[in-house]
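Undergrad: Structure in structure tokens, see below.
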DNA sequence: TACATTATTGTCTAAATAACAATAGTGTTT
DNA sequence: AAACACTATTGTTATTTAGACAATAATGTA
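Chains as they are written, first to last, in our numbering: chain A, 1 to 299; chain B, 1001 to 1299.
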């Protein structure tokens, strides 16, 4: 029995919920799938799929097996690709996942240059603040705000990701410049919403964190919109230096500095990390992309 | 092409370094392996093995692929076993790996009772202080002194593993009872050697760790031998409470207590952990063993 | 240089899988 | 309630793929 073929059939049937649909994807008659899956079940001594003529769905063991096998088949495909692309020129589809703001402001401009340099690499970029599963093999490279990756994943620090407070000169003229962090509580605020909720303003005084969140003017997960509002003088915004740099330079926004450390969570060592699977660095397209991005970020 | 078969052939050839030897293990002619491996190489577009009539060895890519594939095949075998044994009575070979001292004094006596309760489980116990690769699938259950496992591995605390200082009454009568940790430096010591080297005596005073190692009388990785020496009054020994309990109870050894915290490394929260892969808990033999050991340790 | 061993290749046989047609079962619709 | 449409399965044949066996070429050793 060709177990691997049986597994591929099983996976597709489980996903489509139909032998016929799955069969059409392999361009073989449904009877083949039926027989192969039956073989597989026989060899395992368990029924993986509960069938009726109308619906096919996974049994309890079936679901367990499906999860395992899907993962295993993905790994195998990765390994095959590694070998196939070994010592060839960088080419193929490169899947990159990035945080939205960072992707728009920093990553994508860089990728334009990257594409020119490596025209044979087809970029597949998805921006999302949800953390995608790097291990589950949906992306080749991920860019995320500081969190600890697992052992198989390498994390390279790209740049600082601490949040700094800014406001428009007009706002400060009208409401006054806060002299210390505690005073922020009396100010108008524009707040980021991360996947885990809106971000407060926090201040560390003598080792203790205090909430210094002000009045809420607006909340959004869209940095650009918040920055626009901040420029219009609608309130104080905390965002990252890389997002604000150009506005601070032109004077549209002004950085506020305080004696005590300010942040949006208690991890003060926030950074933007480039993540990739150690093994995948062997694949030329991944290698050149990692190298390119790391080199670019040094400027 | 039956890729899975080809992979199994490839693996065996790589391991034995010979098509003929590998073929005999599958009870097929060498020509079959030669053809299958050739197919595999063709489909990958890379040569995996460097052959001559006399020696067969892996190429650079071959080695990478071999490592990946071996791991993948192991995982698949585990998944198959999970399904096959799903909701059956506990049986089969159960591979347990444990630290030597703990295995001898605590684990093995328990396993005798376990074997009576589950006669269909064949125990395969190996004692070693080196950390075996749980992920690499050589054992079902591992018992280790406190270290952080990865995400897929569950770690259940079995018991405290802090090191406490003891000495024979005769030793204390002759050399005096040390009144504080610093005085240990003037005493004779019996020291454990772990895989990472001999263990010093450390003492935490006002948040700072100080080395209070005394004169070296003997060093060994064998706890029993060190305990014997301690009982003979040859010096002060730091070992775990579970190893020393019976000797303290009989009065052969006497626990020394100090104002400041004492240890053999800077991790004061040392414990003995039971480790197993999350998924494998579905396999009855693993489940009952984990449950049995955890229940037993509560006494 | 002769020898023994080994991987490979050619050819035939056996096994496994796909193809195709037909059947039986099930949920939906009128 | 009955006809309908769709689907999984099964029987049978054709095709593909792997194994068996003998022969060949290559290579390290004696």
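No residue lacks a Cβ here, since even glycine has one placed at the ideal position from N, Cα and C.
1. Who are the Cβ neighbours of residue 1029 of chain B in its own chain at under 7 angstroms, not counting the five residues just before and after it?
2. Taking residue 258 of chain A as the reference, give the member of A:195, A:287 and A:163 with the closest Cα.
3. Give me the subset of the stretch 1262-1292 of chain B whose CB atoms are less than 9 angstroms from a CB atom of chain A, sorted by chain position.
4. Going along chain B, which residues have a C-beta under 9 angstroms from residue 47 of chain A?
5. Is the stretch 39-50 of chain A touching the stretch 58-71 of chain A, taking contact as three or more C-beta pairs under 8 angstroms?
6. Determine the burial state of residue 1225 of chain B: buried for a count of at least 16 other Cβ atoms within 10 Å of its Cβ, exposed for fewer.
7. Report yes if the CB atom of residue 1153 of chain B is closer than 7 angstroms to the CB atom of residue 1188 of chain B, and no otherwise.
8. From the DSSP output, which residues share a beta bridge with residue 240 of chain A?
9. If the cut-off is 7 angstroms on Cβ atoms, which residues from the stretch 1073-1085 of chain B count as contacting chain A, listed in chain order?
10. Kindly provide the ranges of any beta strand (DSSP E) runs that are 3 or more residues long and lie completely inside the stretch 75-120 of chain A, ordered along the chain.
11. Anything in chain A within Cβ reach of residue 1064 of chain B, meaning under 9 angstroms, just list it in chain order.
12. Residue 1003 of chain B versus chain A: which residues are under 7 angstroms apart at the beta carbon?
13. Taking the CB atoms as reference points, tell me whether residue 1121 of chain B and residue 1158 of chain B lie closer together than 7 angstroms.
14. I need the DSSP call for residue 1060 of chain B, collapsed to helix, strand or coil.
15. Would you give the residue range spanned by the alpha helix (DSSP H) that residue 1044 of chain B belongs to?
16. Kindly list the residues whose CB is nearer than 7 angstroms to the CB of residue 231 of chain A, restricted to its own chain and excluding five residues on each side of it in sequence; keep chain order.
17. Select from A:74, A:82 and A:35 the residue whose C-alpha is nearest the C-alpha of residue 287 of chain A.
18. Residue 160 of chain A versus chain B: which residues are under 8 angstroms apart at the beta carbon?
19. Smallest Cα separation from residue 33 of chain A: which of A:7, A:53, A:43 and A:229?
20. Whole-angstrom Cβ separation of residue 1145 of chain B and residue 1190 of chain B, contact assumed at under 8 angstroms?
21. Pull up the distance between the alpha-carbon of residue 1192 of chain B and that of residue 11 of chain A, whole angstroms please.
22. Using CA atoms only, rank isn't needed, just tell me which of B:1262, B:1298 and B:1283 is closest to residue 1088 of chain B.
23. Consider the Cβ of residue 61 of chain A: report whether some Cβ of chain B lies at a distance smaller than 7 angstroms.
24. For a contact defined as C-beta to C-beta under 7 angstroms, what are the partners of residue 69 of chain A on chain B?
25. Output yes if chain B places a C-beta closer than 7 angstroms to the C-beta of residue 154 of chain A; else output no.
26. Just to check my reading of the structure: residue 1273 of chain B and residue 1140 of chain B have Cβ atoms closer than 8 angstroms, yes? What is that Cβ distance to the nearest angstrom?
27. Name the residues in the stretch 180-206 of chain A whose C-beta lies less than 7 angstroms from a C-beta of chain B; which are they?
28. Taking residue 1125 of chain B as the reference, which of B:1099, B:1118, B:1270 and B:1042 has the closest Cα?
29. Taking 7 angstroms as the threshold (beta carbon to beta carbon), is residue 58 of chain A in contact with chain B?
30. Quick one: what's residue 1050 of chain B bridged to in DSSP?
31. Please name the residue in A:262, A:73 and A:97 whose C-alpha comes closest to that of residue 207 of chain A.
32. From residue 1250 of chain B to residue 1202 of chain B, what distance separates their C-alpha atoms?
33. Excluding the five sequence neighbours on either side, which residues of its own chain have a C-beta within less than 7 angstroms of the C-beta of residue 1118 of chain B, listed in chain order?
34. What residue from B:1020, B:1031 and B:1037 has the CA that sits closest to residue 1009 of chain B's CA?
35. Quick one: list the residues of chain A neighbouring residue 1044 of chain B, beta-carbon separation under 7 angstroms, in chain order.
36. Among B:1293, B:1166 and B:1256, which residue has its Cα nearest to the Cα of residue 1115 of chain B?
TA: Let me spell this out:
1. 1023, listed in sequence order.
2. Checked all of A:195, A:287 and A:163; the closest Cα to residue 258 of chain A is A:163.
3. Listed by position, the residues of the stretch 1262-1292 of chain B near chain A (Cβ gap below 9 angstroms) are 1279 and 1282.
4. Neighbours of residue 47 of chain A across chain B, judged by C-beta separation under 9 angstroms, do not exist; the nearest C-beta is about 10 angstroms away.
5. Because the criterion of three Cβ pairs below 8 angstroms is met, the stretch 39-50 of chain A and the stretch 58-71 of chain A touch.
6. Classification for residue 1225 of chain B: exposed.
7. The answer is no: Cβ separation not under 7 angstroms.
8. Residue 240 of chain A is bridged to A:163.
9. Cβ proximity to chain A below 7 angstroms picks out 1075, 1076, 1079, 1080, 1082, 1083 and 1084 from the stretch 1073-1085 of chain B.
10. Correct list: 92-98.
11. Contacts between residue 1064 of chain B and chain A, judged by CB atoms closer than 9 angstroms, involve 79, 82, 83, 86, 279 and 282 in chain order.
12. Neighbours of residue 1003 of chain B in chain A, taken as residues at a C-beta separation under 7 angstroms, are given in chain order as 4.
13. With contacts defined by Cβ atoms closer than 7 angstroms, residue 1121 of chain B and residue 1158 of chain B do not form a contacting pair.
14. Helix.
15. Judged by DSSP secondary structure, residue 1044 of chain B falls within the alpha helix (DSSP H) whose first and last residues are 1030-1044.
16. Excluding residues within five positions, the ones whose Cβ falls inside 7 angstroms are 168, 247, 252 and 253.
17. When C-alpha distances from residue 287 of chain A are compared across A:74, A:82 and A:35, the shortest belongs to A:82.
18. At a beta-carbon threshold of 8 angstroms, none of the residues of chain B lie near residue 160 of chain A; the nearest stands roughly 27 angstroms away.
19. With distances taken between Cα atoms, residue 33 of chain A lies closest to A:7.
20. That belief does not hold up - the Cβ atoms of residue 1145 of chain B and residue 1190 of chain B are roughly 19 angstroms apart, past 8 angstroms.
21. Taking C-alpha positions only, residue 1192 of chain B is separated from residue 11 of chain A by approximately 52 angstroms.
22. Checking every option, the nearest Cα to that of residue 1088 of chain B belongs to B:1283.
23. So, interface residue.
24. Here the neighbours are 1079.
25. By this cut-off, residue 154 of chain A is not an interface position.
26. Not really, about 15 angstroms apart at Cβ, beyond 8 angstroms.
27. Against chain B - using a Cβ distance shorter than 7 angstroms - the stretch 180-206 of chain A contributes no residues.
28. Out of B:1099, B:1118, B:1270 and B:1042, B:1099 has the C-alpha closest to the C-alpha of residue 1125 of chain B.
29. No - not a single Cβ of chain B is within 7 angstroms of the one on residue 58 of chain A.
30. B:1057.
31. Taking only the C-alpha atoms, the option nearest residue 207 of chain A is A:262.
32. Cα-Cα distance, rounded: 27 angstroms.
33. Only 1090 and 1288 meet the Cβ criterion.
34. In terms of Cα proximity to residue 1009 of chain B, the closest of B:1020, B:1031 and B:1037 is B:1037.
35. Around residue 1044 of chain B, the beta-carbon contacts reaching into chain A at under 7 angstroms are 80, 83 and 84.
36. Closest by alpha carbon: B:1293.
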